[in-house]
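Undergrad: Mapped onto my numbering, the consecutive letters of the sequence shown carry residue numbers 24 to 158.
Could you have a look at this structure, given as structure tokens, before my questions?
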Amino acid sequence: MKGVRDYLSWVETILKLPVEARLKMVDAVLNAIASYRDKIGEKTAEQKYLSDILRNEDEVELIGFSVNTMYVKAVSEFEDELDSIFVHPWGTPVLTYKHKRLPIVFLVGPGVRFNESVLDEVKGNKRVKVRGITG
């Protein structure tokens with residue numbers, strides 16, 4: 024049967040891992056997010072790095088791994104998108120956190136992009152045409 028896959032094979036791997044190994048995977052994702060610090064430039068005293076916020080258990084709580092993101096667009100320049108349910112399985116592990124005081128849920132990973140692909144950032148790759156959230 025053909026159709027949209029709602030999750031990719033890494034999810035099956037995570038499901039087989041014991042908790043200790045899952046937490047090592049969480050740490051690897053946070054380290055990968057932290058690796059973008061060099062691309063941001065100098066941090067001011069008021070700024071915080073996302074990876075530091077996510078490691079602060081006083082502010083946020085880890086829920087787990089997000090296998091995909093699903094949504095219906097509220098507005099779009101493309102008419103066909105308004106009649107579509109978007110299902111984007113994550114290509115690599117993405118973490119889900121909730122803020123402890125604010126009504127916010129975070130989906131975070133080093134490859135998360137909107138209307139872009141991380142593959143575009145590899146030198147020599149031609150533009151990969153995507154619409155919506157990718158990872």
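We treat Cβ as the ideally placed atom computed from N, Cα and C, and that holds for glycine.
(1) Does the distance from the C-beta atom of residue 118 to that of residue 88 stay below 8 Å?
(2) Going by DSSP in three states, residue 117 sits in which element: helix, strand or coil?
(3) Tell me where the alpha helix (DSSP H) around residue 43 begins and ends.
(4) Using a Cβ distance threshold of 8 Å, determine whether the region 129-136 contacts the region 102-119, with at least three qualifying pairs required.
(5) Hey, out of 147, 114, 125, whose CA is closest to residue 34's CA?
(6) Taking the straight line between their C-alpha atoms, what separation do you get for residue 109 and residue 92?
(7) Which whole-angstrom value is the C-beta distance of residue 48 and residue 37, which I expect to be below 8 Å?
(8) In the DSSP assignment, find the unbroken alpha helix (DSSP H) run with residue 37 in it and report its ends.
TA: On the basis of the data shown:
(1) In contact: residue 118 and residue 88 (Cβ atoms closer than 8 Å).
(2) DSSP, reduced to helix, strand and coil, places residue 117 within a strand of the structure shown.
(3) Taken as a continuous stretch (DSSP letters only), the alpha helix (DSSP H) holding residue 43 covers 42-57.
(4) The region 129-136 vs the region 102-119: in contact.
(5) Residue 34 has its Cα closest to that of 114, out of 147, 114, 125.
(6) A direct Cα-Cα distance of roughly 8 Å separates residue 109 from residue 92.
(7) At roughly 7 Å, the Cβ-Cβ gap stays under 8 Å, so residue 48 and residue 37 are in contact.
(8) Counting along the chain, the alpha helix (DSSP H) containing residue 37 begins and ends at 32-39.
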